[in-house]
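With our numbering applied, the sequence shown corresponds to residues 233 to 382, in that order.
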Amino acid sequence: MQNSKLLKNALSLVLCYKLYLIMLLGKGKLKYYPLEGEANNVGWLILQCDRDLSLYYSWFVQKQLGLRLQHPRLGSHITVVRGEVVKNDFRWNAYPSQTINFYYSNEIKTNGRYWWLNVYSPCLMSIRQELGLQVKPEYDLHVTIGVWVE
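As structure tokens, this is what we get:
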């Protein structure tokens with residue numbers, strides 16, 4: 233009886249927690265790679281986000297878990313095209329430095345090394361489609377907030 237009551241309370245807490253997950257509005261600028269003078273990252277497109285976004289959420293990771301996250305190499309960003317072969321290459325570089333809105337979850341996700349927030353952006357999915365790619369990338373759209381390096 234006691235265990236079932238504990239389980240019920242735990243499930244209520246989880247359901248309550250899930251109700252408070254919200255999607256927040258963010259924006260960023262598109263960056264196509266390679267950039268001038270860079271030979272790597274051919275076929276990469278990222279949405280460069282505000283650095284404060286990753287700093288804010290990595291602070292929570294440090295406070296709650298004591299893990300200090302390294303800032304991502306490309307800064308706080310959403311990877312739109314990850315080295316994929318673009319079918320409609322005439323659309324490549326169609327929106328240089330374009331500001332794009334996106335929605336991000338306030339729930340921090342991790343695989344133990346990388347830390348991120350899930351993202352929803354019809355505009356980014358549309359850009360992928362214009363390029364002749366699957367609308368949904370191999371890894372769901374997300375904003376990278378940090379990397380844990382032992």
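Ideal Cβ positions, reconstructed from N, Cα and C, are used throughout, including at glycine.
In the DSSP assignment, the beta strand (DSSP E) including Gln-280 goes from what residue to what residue?
276-281
Could you spell out the range, first to last residue, of the alpha helix (DSSP H) harbouring Leu-356?
354-362
Would you tell me roughly how many angstroms separate the C-alpha atoms of Leu-297 and Arg-283, rounded to the nearest one?
21 Å
For Pro-354, is the beta carbon positioned less than 6 Å from some heavy atom of the ligand SAH?
Absence of the ligand SAH from the depicted structure is noted, as is the absence of any ligand whatsoever, leaving it without description.
Please report the straight-line C-alpha distance between Thr-311 and Pro-304, rounded to a whole angstrom.
12 Å
Complete beta strand (DSSP E) runs within the segment 297-334 (minimum length 3 residues, chain order):
309-314
If contacts are defined as beta-carbon pairs under 8 Å, then Leu-277 and Val-313 qualify, I think. What distance do you get, rounded to the angstrom?
4 Å
Within its chain, find whatever has a CB closer than 8 Å to the CB of Tyr-335; leave out the 5 residues flanking it on each side and keep chain order.
Met-255, Leu-256, Leu-257, Gly-258, Val-351, Tyr-352, Ser-353
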